[in-house]
Amino acid sequence: MNVNLTPQLEEMVRQKVRSGMYSSASEVVREALRLMQEKESCQGIRIDQIRQEIREGIESGEPSPWNADEIKLKIRENRTGKHH
Numbered sequence: 195m196n197v198n199l200t201p202q203l204e205e206m207v208r209q210k211v212r213s214g215m216y217s218s219a220s221e222v223v224r225e226a227l228r229l230m231q232e233k234e235s236c237q238g239i240r241i242d243q244i245r246q247e248i249r250e251g252i253e254s255g256e257p258s259p260w261n262a263d264e265i266k267l268k269i270r271e272n273r274t275g276k277h278h
């Protein structure tokens, strides 16, 4: 398989090999592809988590109105141990 790279990417590959981090251009490309696959896998997992959270939210019932000031007051009361 032949792959054409932009001059910038080609130079990047050369630098990685020159640095000693990789023994060949093929090794650099394999590592890049492995990282791309790992990233895509992580994104898929995150999307599944978001979908699950959306399902849980939908299944939790009707939303109820809230007031930021009331929530802050309840938090303060819980911290100080005061309850109405």
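Okay, so the sequence shown: first residue is 195 according to the numbering used here, each after it adds one. Beta carbons: idealized from backbone N, C-alpha and C, even for Gly. Computed from a predicted model, the values in this text were never measured in an experiment.
Bounding residues of the alpha helix (DSSP H) (the contiguous stretch that carries residue i)
i, result
"serine 213", "No alpha helix (DSSP H) contains serine 213, which DSSP labels as neither H nor E."
"glycine 255", "Run containing glycine 255: none; DSSP gives neither H nor E here."
"leucine 267", "262 to 274"
Straight-line gap, residue i to residue j (C-alpha atoms, nearest Å)
i, j, result
"cysteine 236", "alanine 226", "15 Å"
"valine 223", "lysine 233", "15 Å"
"glutamine 246", "lysine 268", "29 Å"
"glycine 214", "serine 220", "14 Å"
"glutamine 202", "isoleucine 241", "32 Å"
"glutamate 253", "glutamine 243", "15 Å"
"leucine 229", "isoleucine 239", "15 Å"
"alanine 262", "glutamate 271", "14 Å"
Test: residue i CB closer than 9 Å to a CB of chain C
i, result
"glycine 251", "In the structure shown, chain C cannot be found, because there is only a single protein chain."
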